[in-house]
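Encoded as structure tokens, the structure appears first; notes follow it.
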Amino acid sequence: MTSADVVILGGGSGGYACALRASQLGLSVVLIEADKLGGTCLHRGCIPTKALLHAAEVADTTRESESFGVQATLQGIDMPRVNSYRDGVVSRLYKGLQGLVKSRDVTYVEGWGRLTSAHTVEVDGTTYTGKSVVLATGSHARTLPGLDITGRIMTSDQALNLDYVPGKVIVLGGGVIGVEFASVWRSFGTEVHIVEGLPNLVPAEDPAISKAFERAYRKRGISFTTGVRFASATQDENGVTVTLEDGSTHTADLLLVAVGRGPSTANLGFEEVGIALDRGWVTVDDQLRTNVPDVYAVGDITPGLQLAHRGFQQGIFLAEQLGGLSPRVIEDINIPRVTYSEPEVGSVGLTQSQAEEEYGADKVTTYEYNLGGNGKSQILATTGFIKLVQLVDGPVIGIHMIGSRIGEQIGEAQLIVNWEAYPEDLAPLVHAHPTQNEAMGEAHLALAGKPLHAHA
Ligand SMILES: Cc1cc2nc3c(=O)[nH]c(=O)nc-3n(C[C@H](O)[C@H](O)[C@H](O)COP(=O)(O)OP(=O)(O)OC[C@H]3O[C@@H](n4cnc5c(N)ncnc54)[C@H](O)[C@@H]3O)c2cc1C
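Taking the numbering used here, the leading residue of the sequence shown gets 53, the next gets one more, and so forth.
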């Protein structure tokens, strides 16, 4: 089939979600993918990194087993076996996804596509025509000017494929990807130093979370420099040396460059067709329309949070729009965010300072429930807290959490914020004992004026 209701360029989280939902709604779909169905998230992002983090947790648990009365010793990390466990996870999911796309009657085209008009994409000399065209070409790891990705200087793409545990690593960038790799390596025994130009690690989070995160990393023996920018890096056969703008230098075996991801929109015909770009990102309105009629964009190529589930949601939203439904727009601020590391961070909605800026400090109240009072967190030997940001006498507009495994609580947190729930709505509901989820209930009980396992 070379003509369809929807032609989608890029089969990552955004593109394939759009394809699956559009075909479910009876639309004919062509999905074009140059590399592997599933994109960054499945092959180079979310899934393989989380498999590494799980292996890292197993290493930590083994190392700390004595404190739980279990006698075990960590003999070492067999990286090729860790990688084959990771690859097994990815390949099972990949197979499943391929089967799913086949079963939904989506025309899947393997090849490099180029937008040739508002309604056409060309792949290897064949033109695919769509009533609508969806751009979903994703993102790639960025670097800094003059910092070449080669040898000992790498991005997450190369770091994921190391078949050994490095002795010492410098991580450039203390955002989600940087701290995630730092966490894995530290658990595997690597000496890690993070360099972050902004004043805090995980700088996009509520400052209370960033501070607690830094404390936890320090305790784990992960060192970091914040508020100082990178100046240059050199490498030779012995290692890599990084110089910062304050003149200080750090040496290591490897440098991981985790300074963000840029949109993959160059040389794809977008400019020629007149698609408006802003520093490479495709400009869209809240209905994901570009400036060119019938051309839409989803996922990492649109400005905003670069998250797989945002891509899924945008893909589904767009398919439903094209299928004649009226889906709900979800603003970026209300999309759940998890930083996967030890400890984890989960957040949704406004931070305290964002809320105070938007509504005024006197209209905002906060509450922190300490995980010290939570049975399951004691059992897991983790510390941390859940911070609620509430409009005075109004709904909860932000939830920020830190602790081992706390990212799993983001599901209820995003319901609370998106449903604009009041603490009083949550207080009568039951949270199973003993779970970390109880901490969510306890925090809302406290904010509703009836704390149970907490001080008022
Ligand atoms: C290390 C790492 C960890 C991450 N962890 C998480 C996480 O835990 N949770 C989370 O939510 N997000 C995570 N992300 C982010 C997540 O991977 C992205 O947000 C998500 O993949 C974006 O989906 P997308 O569809 O926009 O783009 P992509 O997944 O990048 O897919 C774009 C696809 O388009 C294809 N393509 C590009 N150009 C063409 C062309 N011309 N013709 C045909 N095909 C083309 C590419 O081959 C690719 O498959 C992580 C990312 C990284 C790098």
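Where a beta carbon is used, it is the ideal one built from N, C-alpha and C, also for glycine.
| Check | Outcome |
| --- | --- |
| Cβ pair G363, G459 closer than 9 Å | no |
| Cut-off 8 Å between Cβ atoms - residues of its own chain near G356, not counting five sequence neighbours on either side | R362 and D384 |
| Option nearest R331 by Cα separation, candidates R313, V325 and D346 | R313 |
| Distance, T354 Cα to A473 Cα | 29 Å |
| CA nearest to the CA of M206, picked from A193, D215, V217 and P197 | A193 |
| T335 to G227 span [Cα, whole Å] | 24 Å |
| Exposed unless 16 or more other CB atoms sit within 10 angstroms - verdict on M53 | exposed |
| Per-residue DSSP class, three states only, for I387 | coil |
| Validate contact between the segment 69 to 80 and the segment 368 to 383 using beta carbons, cut 8 Å, 3 pairs | yes |
| For N422, the three-state DSSP class (helix, strand or coil) | strand |
| Residues sharing a beta bridge with V45, DSSP | Outside the shown range of the chain, which is 53 to 508, sits residue 45, and nothing can be said about it. |
| Residue span of the beta strand (DSSP E) that contains G401, given as start and end | E396 to G401 |
| Beta-carbon gap between L1 and I449 smaller than 9 Å | The structure shown has nothing for residue 1, since the chain only spans 53 to 508. |
| Contact test: T92 Cβ vs ligand 1 heavy atom, cutoff 8 Å | yes |
| Contacting residues, own chain, Cβ-Cβ under 6 Å from D305 (five flanking each side not counted) | P218, G219, K220 and G291 |
| Inter-residue Cα distance where the pair is V350 and Q127 | 45 Å |
| Per DSSP, the bridge partner or partners of K220 | E243 |
| Extent of the continuous alpha helix (DSSP H) run through V565 | Since the first residue shown for the chain is 53 and the last is 508, residue 565 is missing from the structure and cannot be characterised. |
| Pairwise C-alpha distance: A108 and W237 | 8 Å |
| Any non-hydrogen atom of ligand 1 within 8 Å of L320 CB | yes |
| For V311, the nearest candidate out of D337, E324, R281 and W333 (CA to CA) | R281 |
| Cβ distance (whole Å) where V141 is taken to contact A103 below 8 Å | 5 Å |
| Three-state secondary structure assigned by DSSP to I382 | coil |
| Distance between V223 and A234 (C-alpha atoms, nearest Å) | 7 Å |
| Cβ contact (3+ pairs, closer than 8 Å) linking the segment 186 to 205 and the segment 58 to 67 | yes |
| Heavy atom of ligand 1 within 8 Å of Q466 beta-carbon | no |
| Run of the alpha helix (DSSP H) containing R270, from where it starts to where it stops | P259 to K271 |
| V254 CB to nearest heavy atom of ligand 1 below 8 Å | no |
| Under the three-state DSSP convention, the category L61 falls into | strand |
| C-alpha distance - S184 paired with R133, whole-angstrom precision | 45 Å |
| Residue from V309, D87, A283 and G121 whose Cα sits closest to the Cα of I431 | G121 |
| K175 Cβ short of 8 Å to ligand 1 heavy atom set | In the sequence as presented, Lys is not what sits at residue 175; that position holds Val. Answer for V175: yes, Cβ within range of ligand 1. |
| For L443 and L504, the rounded distance between their alpha carbons | 22 Å |
| Where D445 falls, given that 16 or more other Cβ within 10 Å makes a residue buried | exposed |
| Pairwise C-alpha distance: P345 and I327 | 10 Å |
| Close Cβ partners of T202 (< 6 Å) along its chain, the five nearest in sequence each way excluded | none |
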